[in-house]
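Going by the working numbering, the first residue of the sequence shown is number 12, and it counts up by one from there. Ideal placement from N, C-alpha and C gives every residue a C-beta, glycine not left out. Predicted model only: the values in this text are computed from it and were never measured.
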Amino acid sequence: ADSALDAIQAQSGLNAFLHVDAELTRAQARAADDLLGQGRGGSLTGIPIAHKDVFVTRGWRTTAASKMLADYTSPFDATVVSLLEQAGAVSLGKLNCDEFAMGSGNENSAFGPARNPWDADAVPGGSSGGSAAAVAAGLVMAATGTDTGGSVRQPAALCGVSGIKPTYGTVSRFGMVAFGSSLDQAGPLARHARDLLELLDPISAFDQRDATSLPDCDGAANQSGRVRAQFDAAVAAQQEGGAKPLQGLRIGVPAEFFNEGLSPEVAQAVESALQTYESLGARRVEISLPRTKLSIPAYYVIAPAEASSNLSRYDGVRYGHRTASYGDLADMTSRSRAEGFGPEVLRRILVGTYVLCHGYYDAYYLQAQRIRRLIAQDFQQAFADHCDVIMGPVTPSVAKRIGENRDDPTADWLADVYTLGVSLAGLPAMSIPCGFSSSAKPLPIGLQLIGDYFREGQLLAIADRFQ
Ligand code: GLN
12 ADSALDAIQA
22 QSGLNAFLHV
32 DAELTRAQAR
42 AADDLLGQGR
52 GGSLTGIPIA
62 HKDVFVTRGW
72 RTTAASKMLA
82 DYTSPFDATV
92 VSLLEQAGAV
102 SLGKLNCDEF
112 AMGSGNENSA
122 FGPARNPWDA
132 DAVPGGSSGG
142 SAAAVAAGLV
152 MAATGTDTGG
162 SVRQPAALCG
172 VSGIKPTYGT
182 VSRFGMVAFG
192 SSLDQAGPLA
202 RHARDLLELL
212 DPISAFDQRD
222 ATSLPDCDGA
232 ANQSGRVRAQ
242 FDAAVAAQQE
252 GGAKPLQGLR
262 IGVPAEFFNE
272 GLSPEVAQAV
282 ESALQTYESL
292 GARRVEISLP
302 RTKLSIPAYY
312 VIAPAEASSN
322 LSRYDGVRYG
332 HRTASYGDLA
342 DMTSRSRAEG
352 FGPEVLRRIL
362 VGTYVLCHGY
372 YDAYYLQAQR
382 IRRLIAQDFQ
392 QAFADHCDVI
402 MGPVTPSVAK
412 RIGENRDDPT
422 ADWLADVYTL
432 GVSLAGLPAM
442 SIPCGFSSSA
452 KPLPIGLQLI
462 GDYFREGQLL
472 AIADRFQ
């Protein structure tokens with residue numbers, strides 16, 4: 012534990028960690044040692060991990076990278092945190108991210124940007140930027156993240172690590188600071204698919220404290236062991252294929268994912284990954300996801316609408332920051348919120364309350380919900396008629412420089428085009444490294460794998476073949 016904490020200190024320039032607590036970590040490490048000494052350890056016993064700072068933790072502060080929660084400590088642990096602790100993982104602390112998980116570059120953190128370990132001038136991606144940076148820099152074996160519109164897949168891609176967003180409802184949201192509740196889903200980041208499996212399996216469990224937790228999926232009880240069983244079965248089937256382990260696998264490649272906005276080097280890396288899969292026996296099928304572009308306006312209506320509602324709890328009374336001097340109660344709330352929230356969060360609250368206004372609700376929110384349903388139907392049709400898995404890029408380009416889009420906040424929104432549809436549909440998807448840019452400091456490129464509902468184990472097995 013001490014050398015791991017020293018490494019975090021040595022790499023503090025990355026700004027990946029927001030809180031560490033040596034005593035807490037040492038206590039967990041001692042407990043893991045005891046278990047191992049008694050021969051009772053599991054696959055995660057003693058494994059160093061860390062949590063995105065939107066998972067509440069009894070020991071460490073939980074800030075959601077916001078001034079609003081700068082001094083907040085939760086009285087309980089998030090379900091994901093306690094399940095991983097039960098599995099023996101040792102937490103090294105809490106990781107930087109975009110404020111309330113709103114962003115694509117970790118630049119919206121109230122505690123400064125995290126940096127990309129491949130190039131300190133580049134963003135690590137976001138919102139789970141600290142998670143991706145910590146894994147890429149070797150500070151932890153794995154980290155938790157959350158993905159509302161791409162925040163596990165995109166930073167994984169930009170930092171050259173792997174990440175999976177499971178089917179919506181399979182991992183508990185209890186104790187996750189809420190952003191867009193119908194979209195928010197926790198998922199791990201790590202180097203390899205097999206490491207992701209070790210984290211995802213124990214956290215894929217029904218939780219009665221989360222109203223959208225799925226008690227039952229794919230005919231089987233949604234409980235620990237489901238993802239591993241599916242992974243093992245898929246790997247066994249692959250082994251029967253000998254030199255062509257993926258024989259018969261149909262990979263859907265959506266035409267809309269290879270549009271003008273895609274940089275040539277990302278297109279090339281994805282293309283060569285597809286060729287690798289073909290050499291393993293898979294077959295490429297051209298498919299269409301015609302509403303891909305509409306996922307941007309639909310998401311940037313629905314996510315802010317839900318955010319504006321979720322963030323109404325930060326009123327200066329119940330949680331977080333309260334302004335020092337004020338007049339009446341309304342003045343106290345508005346001053347506290349103006350001081351506590353950063354610019355991107357305020358922007359989303361404004362958009363969200365606007366689209367939910369009487370008179371605009373039908374024109375924006377309801378329309379966005381209709382588009383959401385059509386996007387989900389497009390994916391369902393692709394899986395029903397054409398393919399077993401969908402592949403494409405995660406991001407249109409490699410990591411940009413810190414501050415590059417400072418004057419144009421919606422430039423980041425447009426770059427989410429390949430990840431948002433999956434989130435709106437609630438599907439599982441992952442990102443694995445598939446290449447590097449040719450710049451002086453090469454930056455990683457990610458390949459996205461999208462599966463049908465509850466196919467996390469299969470996705471991980473397909474990813475494992477590439478790695
Ligand atoms: N970039 C998207 C946004 O800013 C997604 C963020 C996320 O998945 N948390 O909303």
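(message) Looking at Glu-110: is its Cβ nearer than 8 angstroms to the Cβ of Ser-102?
(response) no
(message) Is Ser-115 a contact residue of the ligand GLN, with contact defined as CB to any heavy atom under 7 angstroms?
(response) yes
(message) Give me, in chain order, the residues of the same chain whose beta-carbon lies closer than 7 angstroms to that of Phe-269; leave out the 5 immediate sequence neighbours on both sides.
(response) Ala-278
(message) Using only the alpha-carbon positions, how far apart do Pro-455 and Asp-339 sit?
(response) 52 angstroms
(message) Taking 8 angstroms as the threshold (C-beta atoms), are Leu-438 and Phe-390 in contact?
(response) yes
(message) Quick check: what's the CA-CA separation for Thr-36 versus Ala-293?
(response) Going from the Cα of Thr-36 to the Cα of Ala-293 covers about 44 angstroms.
(request) Give a yes or no on whether the C-beta atoms belonging to Cys-170 and Pro-226 are separated by under 8 angstroms. (result) no
(request) Tell me whether Gly-437 counts as near the ligand GLN, meaning its Cβ is closer than 7 angstroms to at least one heavy atom of that ligand. (result) no
(message) Counting C-beta neighbours from all protein chains within 10 Å, is the total for Asp-130 16 or more, i.e. buried, or is it exposed?
(response) buried
(message) Quick check on Tyr-325: buried or exposed, where buried means 16 or more other Cβ atoms within 10 Å of its Cβ?
(response) buried
(request) Please go through the stretch 135–208 and give each complete beta strand (DSSP E) segment of 3 or more residues, from N-terminal end onward. (result) 153–158, 173–176, 196–201
(request) Out of Gly-263, Glu-350, Phe-352, point me to the one whose CA is closest to Val-296's CA. (result) Gly-263
(message) Is Ala-167 close to the ligand GLN? I mean its beta-carbon at under 7 angstroms from any heavy atom of the ligand.
(response) no
(request) Drop a sphere of 10 angstroms on the beta-carbon of Lys-105, count the other beta-carbons inside from all chains shown, and report buried for 16 or more, exposed for fewer. (result) By the neighbour-count rule (16 or more Cβ atoms within 10 Å), Lys-105 is buried.
(request) Please report the residue range of the alpha helix (DSSP H) in which Arg-294 lies. (result) Run containing Arg-294: none in the alpha helix (DSSP H); it sits in the beta strand (DSSP E), 294–298.
(request) Along the alpha helix (DSSP H) that carries Val-264, what are the first and last residues, could you check? (result) Val-264 -> not in any alpha helix (DSSP H); beta strand (DSSP E) instead, spanning 261–265.
(message) Measuring only the C-alpha atoms, how far is Thr-287 from Gly-363?
(response) 43 angstroms
(request) Note down the Cα distance separating Arg-381 from Gly-160, rounded to an integer number of angstroms. (result) C-alpha separation (whole angstroms): 18 angstroms.
(request) Would you kindly work out how many angstroms separate the C-alpha atoms of Val-31 and Ala-15, rounded to a whole number? (result) 11 angstroms
(request) Please name the residue in Tyr-371, Glu-118, Val-182, Ala-168 whose C-alpha comes closest to that of Gln-66. (result) Strictly speaking, residue 66 in this sequence is Phe, with Gln absent from that position. Answer by Cα proximity: Val-182.
(message) Between which residues of its own chain and Ile-214 is the CB-CB distance below 6 angstroms, once the five residues before and five after are set aside?
(response) Val-91, Leu-94, Val-182
(message) Using the Cβ count rule (16 or more neighbours within 10 Å means buried), how would you classify Pro-420?
(response) exposed
(message) Any heavy atom of the ligand GLN closer than 7 angstroms to the beta-carbon of Phe-190?
(response) yes
(request) For the stretch 280–360, list the beta strand (DSSP E) runs that are entirely contained and at least 3 residues long, ordered along the chain. (result) 294–298
(request) Take Tyr-365 and list the residues in its own chain whose beta-carbon comes closer than 7 angstroms to its own, dropping the five residues that flank it on each side. (result) Tyr-371
(message) With distance defined between alpha-carbon atoms, name the residue in Ile-175, Ala-393, Ala-387 nearest to Leu-458.
(response) Nearest C-alpha to Leu-458: Ile-175.
(request) Would you give the residue range spanned by the beta strand (DSSP E) that Ile-58 belongs to? (result) Taken as a continuous stretch (DSSP letters only), Ile-58 belongs to no beta strand (DSSP E), as it is neither H nor E.
(request) Examine chain D for any beta-carbon lying closer than 8 angstroms to the beta-carbon of Glu-209, and answer yes or no. (result) The chain inventory of the structure shown lacks chain D, comprising one protein chain alone.
(message) Among the candidates Ala-201, Arg-202, Gly-180, whose CA atom is the shortest distance from the CA of Ser-192?
(response) Gly-180
(message) Counting C-beta neighbours from all protein chains within 10 Å, is the total for Gly-230 16 or more, i.e. buried, or is it exposed?
(response) At Gly-230, the pLDDT of 49 sits below 50, so the modelled position is not reliable; the number obtained from the coordinates is stated separately. By the neighbour-count rule (16 or more Cβ atoms within 10 Å), Gly-230 is not buried but exposed.
(message) Let me check understanding here. Comparing Cα to Cα, which of Ala-474, Gln-469, Phe-477, Asp-13 lies closest to Arg-244?
(response) For the record, residue 244 in the displayed sequence is Ala; it is not Arg. Of the residues Ala-474, Gln-469, Phe-477, Asp-13, the one whose Cα lies closest to the Cα of Ala-244 is Gln-469.
(request) Have a look at Ser-77, Lys-78, Ala-76, Asp-82 and flag the residue whose alpha-carbon is nearest the alpha-carbon of Gly-70. (result) Asp-82
(request) Could you check how far apart the C-beta atoms of Gly-186 and Asp-64 are, in whole angstroms? I think they sit under 8 angstroms. (result) Separation of the CB atoms of Gly-186 and Asp-64 is rounded to 12 angstroms, and the pair is thereby denied contact status at 8 angstroms.
(request) Rounded to whole angstroms, what's the CA-CA distance from Val-428 to Gln-258? Just pull it up for me. (result) 31 angstroms
(message) Applying the 10 Å Cβ sphere with the 16-neighbour rule, what's the burial state of Pro-256?
(response) buried
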